[in-house]
Amino acid sequence: MDVFKPVYTEQNDCQDCYKCIRECQLKAIKVINNSAQILHEDCIYCGSCTLVCPVNAKKVRNDLTRVKSLLKRHDKVVVSLAPSYMSEFPNLKDEQLLAALKELGFAHVSETALGAEMVSQKVNAFLEEKQSGIYISSACPSVVEMICKHFPQYKNYITPFLSPLLAHCKLLKQEYGEDCKIVFIGPCIAKKSESDAFGDLLEASLSFKDLAEWLDEEGLEPELFHESDAESKFVPRRAGRGALYPIDGGMIAGIKDNASTTDAVFMTFSGISSIYDVLKDLNYYRKSGLLFLELLACEGGCINGPGTRKSYSRALKRLEIINRTEPEVKEQVVNFSIDRDFDNIDVAMKPEHPENKIKEALNMIGKYSDKDEINCGGCGYNSCREFAKAYLEDKSEPNMCASYMRKIAHDKSTALLGKIPSGVLIVNEDLKVVEANQSFARIMGEEMEQLFETIPGLKDADLKKIAPFYKLFSSVLATGEDNLERDFRLGNKMLHLSLFTIQRNKIVGAILRDMSQPFIQQEEVINRAKAVNQKNLETVQKIAYLLGENASETEDMLNSIVEFYTLSEDKN
1 MDVFKPVYTE QNDCQDCYKC IRECQLKAIK VINNSAQILH EDCIYCGSCT
51 LVCPVNAKKV RNDLTRVKSL LKRHDKVVVS LAPSYMSEFP NLKDEQLLAA
101 LKELGFAHVS ETALGAEMVS QKVNAFLEEK QSGIYISSAC PSVVEMICKH
151 FPQYKNYITP FLSPLLAHCK LLKQEYGEDC KIVFIGPCIA KKSESDAFGD
201 LLEASLSFKD LAEWLDEEGL EPELFHESDA ESKFVPRRAG RGALYPIDGG
251 MIAGIKDNAS TTDAVFMTFS GISSIYDVLK DLNYYRKSGL LFLELLACEG
301 GCINGPGTRK SYSRALKRLE IINRTEPEVK EQVVNFSIDR DFDNIDVAMK
351 PEHPENKIKE ALNMIGKYSD KDEINCGGCG YNSCREFAKA YLEDKSEPNM
401 CASYMRKIAH DKSTALLGKI PSGVLIVNED LKVVEANQSF ARIMGEEMEQ
451 LFETIPGLKD ADLKKIAPFY KLFSSVLATG EDNLERDFRL GNKMLHLSLF
501 TIQRNKIVGA ILRDMSQPFI QQEEVINRAK AVNQKNLETV QKIAYLLGEN
551 ASETEDMLNS IVEFYTLSED KN
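The following block contains the structure:
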């Protein structure tokens, strides 16, 4: 359990449902001892697994304690507030939210959107110098990680600039001194990886969920703060069109408004699946002009990030951003560099597996031909072959295959039923046989044994036609009675039938024993003697309680009967 990473698994909580593997497009998860662990060398920290985990075993690192400690040690801690705050706190005035943040101890609050405006200016100037080619926005850290780790052939397509957050951090450092500490608050988990990689710029990252929790802890209600608080203003100024960045297409709008790039083709895609689909075929692009791709890991943009509370629809969130964004395009002089490369992100290794090894892995889970590869997706992987490759990479375990485990369970139960000397019969609510063993057929007679050879397990046989005691099953099915014991004669045999409920009013099982067998006779006498002994003891104890007498003589006598038959059984 790597609690120091942005996302990790609480191992004891994981229920091996494989839902996170199914959701993860990049399969950045490894199953170890039935627990799904994050593969950090593959993970892009999009946070999808944290949203789908049904038992909340996928955790986001909580940096709240670290930020509280930072506020105690430094008096110049500045908030970089993501522009999606408008959709996260739609009922708050800006002044109310800022006043609450200052009450928590922050010296200043600034909009991350200022960094977005700087990036828009730089990207526009960069594209103006290009004649052709494909270029991808560097705004989303999850997308940057995805390309560098999983599609490294497109690494040079990423525009060579810092993300809006890191650009904003540089601006704040220039404005308030290199000794100021910056904390991001927003919807993005991947910003935590940025704080890890660029600790000199960004101290820590909190989600909107963290902020809401913190305000509750402190008993602060932002809506009660006075709206006209003159001290509660964004610094160094209010952002303009950069505030559109959290909605898909927002960056493109900023670039187009910023300058005169008109001959480029602009496209926006959001959601990991959509981006994956774009990147896997990007090498087929053969046009001679400019293509700029704005790619955002979260569907609909940052307003739908994993750090949001998702209190209302994406459409309303988008509308909130559009309505509250100032339309003015604000040029700003950037006298420091926001250039960067992406060499600090290592490529995720993708080993090639020879066909014979894949076949061996498939055979291990009972997949001997293409027909056996049902590709049900129960393991979380898209196909049996994909699962086999994951196994070869030590990412998956054989017991993740539902069909394989079902077959093992069936084979075990079949073998067990075949070895039991007593007859076993399982019947459904329609009095149709679900399962029967050969011992049942043997006890029931030669005709039944012949039928068993024709229909193994007597599958779907009508109990009314093959057994005279079917009414006992009907009774247990109707009443839901858990246990029923009956003796009855079949020809020259004395049989004992024990019925029990498997699924109430749905499935009933029974054990049938031939009491004429010598070993059964001895066992039954012993069991019944024990039962009589216990019953007599309970009765005598009650009498002794009332009359002050004891029953030791009766107990010794009955125990001697049990001992006698037990010794006889051992000799046989």
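Numbered by full-length UniProt numbering, the letters in the sequence shown go through residues 1 to 572 in order.
All C-beta atoms, glycine included, are put in the ideal place defined by N, C-alpha and C.
(1) Could you check whether the Cβ of residue 31 sits closer than 8 Å to any Cβ belonging to chain C?
(2) For residue 435, name the three-state secondary structure that DSSP assigns.
(3) Considering residue 166, what are the terminal residues of the alpha helix (DSSP H) in which it resides?
(4) Since residue 206 is in the beta strand (DSSP E), which residue starts that stretch and which ends it?
(5) Excluding five sequence neighbours on each side, which residues of the same chain lie with their C-beta closer than 7 Å to the C-beta of residue 230?
(6) Looking only at its own chain, which residues have a Cβ that is under 7 Å from the Cβ of residue 548, when we skip the five neighbours before and after it?
(7) Would DSSP call residue 573 helix, strand or coil?
(8) Closest to residue 410 by CA distance: which of 39, 435, 425, 431 is it?
(9) Skipping 5 residues on each side, what residues in its chain have a beta carbon closer than 7 Å to that of residue 158?
(10) Considering only the beta carbon of each residue, do residue 97 and residue 222 sit closer than 8 Å?
(11) Report yes if the C-beta distance between residue 55 and residue 13 is below 8 Å; otherwise report no.
(12) Counting only the same chain and skipping the five closest in sequence on each side, list residues whose C-beta sits under 8 Å from that of residue 253.
(13) Could you check if residue 513 is buried or exposed, using at least 16 other CB atoms within 10 Å of its CB as the buried criterion?
(14) What would DSSP say about residue 411, mapped onto helix, strand or coil?
(15) Of the choices 127, 466, 426, whose alpha-carbon is the least far from that of residue 265?
(16) Assign residue 318 to one of two classes, buried (16 or more other C-beta atoms within 10 Å of its C-beta) or exposed (fewer than that).
(17) Buried or exposed for residue 85, going by 16 or more other Cβ atoms inside 10 Å?
(18) What does a CB cutoff of less than 6 Å around residue 113 pick up in its chain, not counting 5 residues either side in sequence?
(19) Hey, residue 160 and residue 339 are a contact pair by Cβ (cut 8 Å); roughly how many whole angstroms apart?
(20) How many Å lie between residue 210 and residue 41 at the Cα?
(21) Can you give, in chain order, each stretch of the alpha helix (DSSP H) that sits fully within the stretch 269-313 and has at least 4 residues?
(22) Report the CB separation of residue 307 from residue 207 in whole angstroms; it is logged as a contact under 8 Å.
(23) Could you tell me the alpha carbon to alpha carbon distance between residue 554 and residue 417, rounded to whole angstroms?
On the basis of the supplied data:
(1) The chain inventory of the structure shown lacks chain C, comprising one protein chain alone.
(2) Note: residue 435 maps to strand in three-state DSSP.
(3) It spans 164-176 - the alpha helix (DSSP H) in which residue 166 sits, taken as one unbroken run.
(4) Segment 204-207, the beta strand (DSSP E) holding residue 206.
(5) Caution applies to residue 230, whose pLDDT of 49 falls short of 50 and renders its modelled position unreliable; the model cannot decide the point.
(6) Since pLDDT at residue 548 reaches only 43, below the 50 mark, its modelled position is unreliable, and the value read off the structure follows with that caveat. Excluding positions up to five away in sequence, the list is empty.
(7) For residue 573 there is no data in the structure shown, the boundaries of the chain being 1 and 572.
(8) Residue 410 has its Cα closest to that of 435, out of 39, 435, 425, 431.
(9) Cβ within range, chain order: 136, 138, 144, 147, 342.
(10) Yes, the pair counts as a contact, with Cβ atoms nearer than the cut-off.
(11) Their beta carbons are under 8 Å apart, which means residue 55 touches residue 13 by this criterion.
(12) Excluding sequence neighbours, residue 253 sits near 241, 244.
(13) Taking all protein chains shown into account, residue 513 has 16 or more neighbouring C-beta atoms within 10 Å of its C-beta and is therefore buried.
(14) Residue 411: helix per DSSP, three-state reduction.
(15) Distance check between residue 265 and each of 127, 466, 426 places 127 closest, using alpha-carbon atoms only.
(16) By the 16-neighbour rule on beta-carbons within 10 angstroms, residue 318 is buried.
(17) Only buried fits residue 85, as 16 or more other CB atoms lie within 10 angstroms of its CB.
(18) Excluding residues within five positions, the ones whose Cβ falls inside 6 Å are 83, 239, 242, 243.
(19) Contact holds; Cβ gap of about 6 Å.
(20) C-alpha separation (whole angstroms): 26 Å.
(21) Contiguous alpha helix (DSSP H) elements confined to the stretch 269-313 occur at 272-280, taking only those with 4 or more residues.
(22) Yes, residue 307 and residue 207 are in contact; Cβ-Cβ is about 3 Å, under 8 Å.
(23) Bear in mind that the predicted position of residue 554 carries a pLDDT of just 43, short of 50, making it too unreliable to give a figure here.
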